[in-house]
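Visitor: Please see the structure below; I have some questions.
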């Protein structure tokens with residue numbers, strides 16, 4: 001679980017604190033848990049929303065949010081916003 005110093009300082013429109021709110025993870029296993037769940041979703045082909053084609057026609061089903069989170073190329077690429 002994460003804790004934030006002052007949740008009222010920079011909330012987003014949906015009420016969650018923004019990254020600038022100074023949030024700091026209290027439970028270091030939370031990030032690992034999120035990554036395990038994302039991996040399980042990938043392995044079970046759940047909520048895939050884009051197919052990336054690489055050399056020789058090989059394709060990968062992916063999650064747009066994961067691609068955008070790990071790569072400036074995908075984050076700035078217009079096809080992720082379609």
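Numbering (UniProt numbering), first residue to last: 1 to 82. In this text, a Cβ means the ideal position worked out from N, Cα and C, and glycines have one as well. None of the values given here were measured: they were computed from a predicted structure.
What residue range does the beta strand (DSSP E) around residue 71 cover?
Guide: Numbered from its first residue, the chain shown carries residue 71 at position 71. From DSSP, residue 71 is part of no beta strand (DSSP E); its letter is neither H nor E.
Visitor: Going by DSSP in three states, residue 52 sits in which element: helix, strand or coil?
Guide: Against the chain shown, residue 52 aligns to sequence position 52. Residue 52 falls in the strand class under three-state DSSP.
Visitor: Assuming the contact rule is C-beta atoms closer than 8 Å, residue 61 and residue 45 should be a hit. Round their C-beta distance to whole Å, please.
Guide: The residue you call residue 61 lines up with position 61 of the chain shown. The residue you call residue 45 lines up with position 45 of the chain shown. That pair is a contact at about 6 Å.
Visitor: Taking only the alpha-carbon atoms, compute the straight-line gap between residue 68 and residue 77 and give it to the nearest angstrom.
Guide: Within the chain shown, numbered from 1, the residue matching residue 68 stands at position 68. Within the chain shown, numbered from 1, the residue matching residue 77 stands at position 77. Roughly 9 Å between the two C-alpha positions.
Visitor: Leaving out five residues before and five after residue 66 in sequence, what residues of the same chain have Cβ atoms less than 7 Å from its Cβ?
Guide: On the chain shown, position 66 is the one that residue 66 refers to. For residue 66, where only same-chain residues beyond five positions count, the Cβ hits under 7 Å are 38.
Visitor: In terms of alpha-carbon separation, which member of 33, 63 and 59 lies closest to residue 47?
Guide: The count along the chain shown starts at 1 and reaches residue 47 at position 47. Among 33, 63 and 59, the Cα nearest to that of residue 47 is on 63.
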